[in-house]
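Residue numbers (our numbering): 18 to 502. A virtual CB, placed ideally from N, CA and C, is assigned to each residue, including glycine. These notes are about the structure you will find just below.
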Ligand SMILES: Cc1cc2nc3c(=O)[nH]c(=O)nc-3n(C[C@H](O)[C@H](O)[C@H](O)COP(=O)(O)OP(=O)(O)OC[C@H]3O[C@@H](n4cnc5c(N)ncnc54)[C@H](O)[C@@H]3O)c2cc1C
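Have a look at this one:
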């Protein structure tokens with residue numbers, strides 16, 4: 018950095034009397050109106066429409082994992098896209114790191130930053146436009162807010178995450194998987210258009226046909242090339258009711274075989290699955306499948322359940338309003354919050370496993386796993402398959418097989434569990450074992466990644482990923498805690 022610049026202190030007279038009035042580059046700290054005013058003034062410290070704060074930062078130095086805590090030096094609560102453009106340009110010029118934050122539901126510091134600025138996008142959450150086939154939203158909106166708006170027009174998103182409290186931008190930067198992914202891919206595969214502010218501070222609207230390189234590279238790019246500020250998503254007609262079938266299996270092989278069959282023949286609209294201990298701590302496999310319907314045309318249960326090997330007599334079948342079904346985690350989350358279990362450490366790991374290797378791998382993992390390893394019953398194991406041909410975002414890396422399984426250990430470090438350190442160590446081992454069989458990480462969990470792991474992750478796309486970084490964020494200011502560069 019230019020010595021002359023680095024010695025200067027930057028102030029902006031226009032913000033005196035509000036929050037921050039400038040940035041001292043030599044001391045790397047923000048200047049408030051109470052600081053001595055003998056510093057050199059910089060006229061380019063931006064004037065924001067929103068708020069720029071240097072106090073009460075605890076929430077941005079934490080996330081859903083409650084494992085990592087970095088020390089941001091400021092948070093921007095933008096009130097316009099222009100605020101983000103201004104901050105990125107300023108930060109680029111003075112080499113200040115930035116982390117965009119949606120709802121902070123990552124588990125290992127991915128939305129945090131040390132000695133930099135967090136952009137809390139939750140203040141940019143407008144639903145800007147809806148028509149019969151598309152919705153245009155700000156990136157800080159949650160899926161719940163988007164869905165509530167589209168349902169007023171009897172429309173829904175083709176796929177939804179299990180928990181609707183995630184932000185649009187945070188999810189699109191990872192991918193967005195759910196029980197409809199076998200049919201529709203990830204949320205990033207259902208995008209019509211993206212609005213992004215690149216690491217150079219350029220605001221770009223992109224789609225398959227317009228600025229297509231930006232569109233292809235930004236989806237699932239882990240906040241590395243730009244900050245998503247808006248998204249136009251595809252809509253489909255919304256059903257009114259959903260019939261949910263919960264089927265119990267005692268045998269992993271049958272469970273996996275039936276899941277594969279169901280995503281091939283597509284008889285259900287939603288396919289997920291869980292692994293949970295019974296009262297003797299043996300693993301049970303729970304298939305959760307659903308069929309949407311309108312009351313005049315009820316699903317044919319016999320046809321839907323034919324040729325499946327679940328434990329007969331243990332199944333439950335329940336009709337729910339569509340909204341209650343897709344928002345089914347809301348009461349669970351409320352309960353976890355009320356009991357304090359939402360605030361304990363969550364060393365999660367999400368793996369994507371090639372279908373042909375999934376049974377052997379999962380059987381071996383489960384044979385060595387006890388409920389204390391995941392902090393059951395708060396901790397959960399999720400297991401369900403997807404069809405690879407539905408996925409087309411280049412940087413959402415999936416195993417090289419026609420079908421693959423999401424295998425997630427949603428560990429919760431409860432008092433009766435093995436504890437957070439042992440869970441993190443187990444994640445690291447599991448990750449190495451998964452990549453050895455051609456597995457991939459779904460990158461939002463608690464695995465300590467490093468540039469070598471990322472290079473293995475992206476494989477032949479690694480050099481394209483590096484080239485995009487140089488092109489869109491040449492000063493490497495964006496989202497450093499992913500630890501890719
Ligand atoms: C209870 C729970 C349930 C979940 N269920 C699902 C699920 O069903 N399916 C699924 O796919 N995932 C699921 N997740 C994981 C989720 O996708 C990730 O946590 C994801 O990061 C979205 O959360 P967020 O919006 O809080 O993003 P954050 O954690 O805030 O951000 C995630 C990453 O994206 C970056 N980022 C945030 N906003 C932007 C932006 N606008 N532009 C560019 N980069 C940005 C951040 O810097 C960070 O690196 C779940 C997580 C939790 C805690």
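Item to complete: For residue 90, I'd like the list of residues in its chain whose CB is within less than 6 Å of its CB, leaving aside the five on either flank, ordered along the chain.
Response: To locate residue 90, count along the chain shown from 1; it is residue 73. So the list reads 132, once near-sequence residues are dropped.
Worksheet item: Any heavy atom of ligand 1 closer than 7 Å to the Cβ of residue 95?
Response: Looking up residue 95 in the chain shown gives position 78. No - ligand 1 has no heavy atom lying nearer than 7 Å to the Cβ of residue 95.
Discussion item. If you measure between the beta carbons of residue 333 and residue 263, is that distance less than 8 Å?
Written reply: Here residue 333 is taken as the residue at index 316 of the chain shown, counted from 1. Here residue 263 is taken as the residue at index 246 of the chain shown, counted from 1. Result yes, Cβ atoms of residue 333 and residue 263 sit closer than 8 Å.
Worksheet item: With DSSP run on the structure shown, which of helix, strand or coil describes residue 264?
Response: Translated into positions along the chain shown, residue 264 becomes position 247. Strand.
Worksheet entry | Close-in-space but distant-in-sequence residues of the same chain around residue 510 (CB under 7 Å, 5 per side omitted) | With the chain running from 18 to 502 in the structure shown, residue 510 is simply not present.
Worksheet item: Where in the stretch 182 to 251 do unbroken runs of the beta strand (DSSP E), each at least 3 residues long, occur, reported from the N-terminal end onward?
Response: 208 to 215, 220 to 224, 243 to 251
Worksheet item: If we call anything under 8 Å between Cβ atoms a contact, is residue 365 one with residue 425?
Response: Residue 365 sits at position 348 when you count from the first residue of the chain shown. Residue 425 sits at position 408 when you count from the first residue of the chain shown. It is a contact, given that the beta carbons lie within the stated cut-off.
Worksheet item: Are the CB atoms of residue 135 and residue 92 nearer to each other than 8 Å?
Response: Here residue 135 refers to the residue found at position 118 when the chain shown is read from its first residue. Here residue 92 refers to the residue found at position 75 when the chain shown is read from its first residue. Result yes, Cβ atoms of residue 135 and residue 92 sit closer than 8 Å.
Practice prompt. Tell me the start and end of each unbroken beta strand (DSSP E) in the stretch 394 to 472 that is at least 3 residues and wholly inside, in chain order.
Written response: 397 to 404, 420 to 427
Discussion item. Here's the rule I'm using: 16 or more other beta-carbon atoms within 10 Å means buried, otherwise exposed. How should residue 282 be labelled?
Written reply: Your numbering for residue 282 matches position 265 in the chain shown. Exposed, since its Cβ has fewer than 16 Cβ neighbours within 10 Å.
Practice prompt. Return the CA-CA distance between residue 403 and residue 194, expressed in angstroms with no decimal places.
Written response: Residue 403 sits at position 386 when you count from the first residue of the chain shown. Residue 194 sits at position 177 when you count from the first residue of the chain shown. Residue 403 and residue 194: Cα-Cα distance of roughly 9 Å.
Discussion item. When you measure from the CB of residue 364 to every non-hydrogen atom of ligand 1, does any distance come out below 7 Å?
Written reply: In the chain shown, the residue the question calls residue 364 occupies position 347. Answer for residue 364: no, Cβ out of range of ligand 1.
Worksheet item: Between residue 498 and residue 129, which are expected to be in contact by the criterion C-beta below 8 Å, what is the C-beta distance as a whole number of angstroms?
Response: Translated into positions along the chain shown, residue 498 becomes position 481. Translated into positions along the chain shown, residue 129 becomes position 112. Yes, residue 498 and residue 129 are in contact; Cβ-Cβ is about 5 Å, under 8 Å.
Discussion item. Please classify residue 61 as buried or exposed, where buried requires at least 16 neighbouring CB atoms within 10 angstroms.
Written reply: What you label residue 61 is simply residue 44 of the chain shown in a count that begins at 1. Exposed.
Fill in: Same chain only: Cβ atoms within 8 Å of residue 109, ignoring 5 sequence neighbours per side
As a working note, residue 109 is residue 92 in the chain shown. If we look at residue 109 and ignore the five residues flanking it on each side, its Cβ neighbours are 216, 217, 218, 492, 494.
Discussion item. For the stretch 375 to 390 against the stretch 432 to 450, do three or more pairs of beta-carbon atoms, one drawn from each stretch, fall closer than 8 Å, so that the two count as touching?
Written reply: yes
Worksheet item: Among 477, 285, 259, which has the Cα closest to the Cα of residue 341?
Response: The residue labelled residue 341 in the question sits at position 324 within the chain shown. Measuring from the Cα of residue 341, the nearest candidate turns out to be 259.
Item to complete: Determine the closest residue to residue 122 out of 85, 147, 409, 313, with distance taken between C-alpha atoms.
Response: Here residue 122 corresponds to residue number 105 of the chain shown, with the count starting at 1. Out of 85, 147, 409, 313, 85 has the C-alpha closest to the C-alpha of residue 122.
Fill in: Proximity to residue 183 [Cα-Cα], best of 335, 124, 169, 213
Sequence index remark: in the chain shown, residue 183 carries index 166 (1-based). Minimum Cα distance to residue 183 is reached at 124.
Worksheet item: If you run the structure through DSSP and keep just helix, strand and coil, what is residue 111?
Response: Taking the first residue of the chain shown as 1, we reach residue 111 at position 94. Residue 111: helix per DSSP, three-state reduction.
Practice prompt. Would you check whether ligand 2 has a heavy atom nearer than 7 Å to the C-beta of residue 244?
Written response: Ligands present in the displayed structure are limited to ligand 1, and ligand 2 is not among them.
Worksheet item: Quick one: is residue 16 buried, meaning 16 or more other Cβ sit within 10 Å of its Cβ, or exposed?
Response: The shown model of the chain, from 18 to 502, leaves out residue 16, and the question about it has no answer.
Practice prompt. Could you tell me whether any non-hydrogen atom of ligand 1 is closer than 7 Å to the CB of residue 183?
Written response: Here residue 183 refers to the residue found at position 166 of the chain shown. Yes, the Cβ of residue 183 comes within 7 Å of a heavy atom of ligand 1.
Worksheet item: Do the CB positions of residue 157 and residue 139 come within less than 8 Å of each other?
Response: As a first step, residue 157 is located in the chain shown; it is residue number 140 there, counting from the start. As a first step, residue 139 is located in the chain shown; it is residue number 122 there, counting from the start. Their beta carbons are under 8 Å apart, which means residue 157 touches residue 139 by this criterion.
Fill in: Beta-carbon contacts of residue 66 that lie in its chain and below 6 Å, excluding the five residues immediately before and after
Looking up residue 66 in the chain shown gives position 49. If we look at residue 66 and ignore the five residues flanking it on each side, its Cβ neighbours are 96, 97, 100.
Worksheet item: Below 8 Å, can you find three or more Cβ-Cβ pairs linking the stretch 153 to 173 to the stretch 235 to 243?
Response: no
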